[in-house]
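Engineer: Attaching a single structure in structure tokens format; questions to follow.
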Amino acid sequence: MLSESMLASLNNQVKLEAASSQAYLAMASWCEIQPGYDGIAEYFFQQSEEERVHMLKLMRFINERGGFALVPALEQPIVTFKGLKSMFEDFLKHEMTVSNSINELVDLTLREKDYATHNFLQWYVSEQIEEEKNARILNDKLEMIGEDKSGLYLFDRDILNTRNNAGKKG
Ligand code: FEO
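Here it is in structure tokens:
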């Protein structure tokens, strides 16, 4: 059985994963209407799907443990961007926020001696290491490329490999 505070914190994480899914969907849509960003658009469509899976996994766990997973109300995410660089900076910032939130949840499980939830969250801890690493790599690459058009072409062409190399599907 989940404590009241654990239930509230897990439902808060459900909301954050749902908001991540929406934020990345907005990035995908914006990229799709820019000329030449088809690969990046596909990357964020897949990333958005993945965040939805993160949300669902949490919801199923909450209900399985005797809580009630709440479908959250969400604000509209940022839908337009100054450029790729600022969009990818937002992406990294967003992942860092998610990592902090997961860490706080893990901290709560230890304070409450809720070892089942602690065990469940380890998957998210590993996932966040991977997600932050990928976001950093992409930001570093963009920094290196700068305004070089052929570099951006290759970035767009190769971005899905970042996911595939990390063992992500689709
Ligand atoms: Fe599920 Fe990328 O946070």
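Per the working numbering, the sequence shown runs over residues 30 to 199. In this text, a Cβ means the ideal position worked out from N, Cα and C, and glycines have one as well.
Is Ile62 helix, strand or coil when you go by DSSP?
Structural biologist: In the sequence shown, the residue the question calls residue 62 occupies position 33. If DSSP states are grouped into helix, strand and coil, Ile62 belongs with coil.
Engineer: Is Gln157 near the ligand FEO - that is, is its Cβ less than 8 angstroms away from at least one heavy atom of it?
Structural biologist: In the sequence shown, counting from the first residue as 1, residue 157 sits at position 128. For the ligand FEO, at least one heavy atom lies less than 8 angstroms from the Cβ of Gln157.
Engineer: May I ask you to report which of helix, strand or coil DSSP gives Arg140?
Structural biologist: Reading the sequence shown from its first residue, position 111 is the one you call residue 140. Three-state DSSP puts Arg140 in a helix.
Engineer: Return the residue from the list Leu181, Asn193, Thr191 that minimises the CA-CA distance to Tyr66.
Structural biologist: Taking the sequence shown and counting its residues from 1, the one referred to as residue 66 is at position 37. That would be Leu181, whose Cα lies nearest to the Cα of Tyr66.
Engineer: What separation, rounded to the nearest whole angstrom, lies between the Cα atoms of Phe73 and Gly175?
Structural biologist: Taking the first residue of the sequence shown as position 1, residue 73 is located at position 44. Taking the first residue of the sequence shown as position 1, residue 175 is located at position 146. Cα-Cα distance, rounded: 21 angstroms.
Engineer: What first and last residue would you give for the alpha helix (DSSP H) that runs through Asp185?
Structural biologist: Here residue 185 corresponds to residue number 156 of the sequence shown, with the count starting at 1. Its alpha helix (DSSP H) spans residues 178–194.
Engineer: Looking at the structure shown, is Glu80 part of a helix, part of a strand, or coil, going by DSSP?
Structural biologist: As a working mapping, residue 80 is identified with position 51 in the sequence shown. Correct three-state label for Glu80: helix.
Engineer: Considering only the beta carbon of each residue, do Leu45 and Val108 sit closer than 9 angstroms?
Structural biologist: Stepping through the sequence shown from its first residue, residue 45 is reached at position 16. Stepping through the sequence shown from its first residue, residue 108 is reached at position 79. No, Cβ-Cβ distance for Leu45 and Val108 is not below 9 angstroms.
Engineer: Leaving out five residues on either side along the sequence, give the residues of the same chain with a beta carbon under 8 angstroms from the beta carbon of Leu171.
Structural biologist: By 1-based counting over the sequence shown, the position of residue 171 is 142. Only Leu113, Lys114, Phe117, Phe184 meet the Cβ criterion.
Engineer: Could you give the DSSP three-state label for Val127: helix, strand or coil?
Structural biologist: Taking the sequence shown and counting its residues from 1, the one referred to as residue 127 is at position 98. If DSSP states are grouped into helix, strand and coil, Val127 belongs with the helices.
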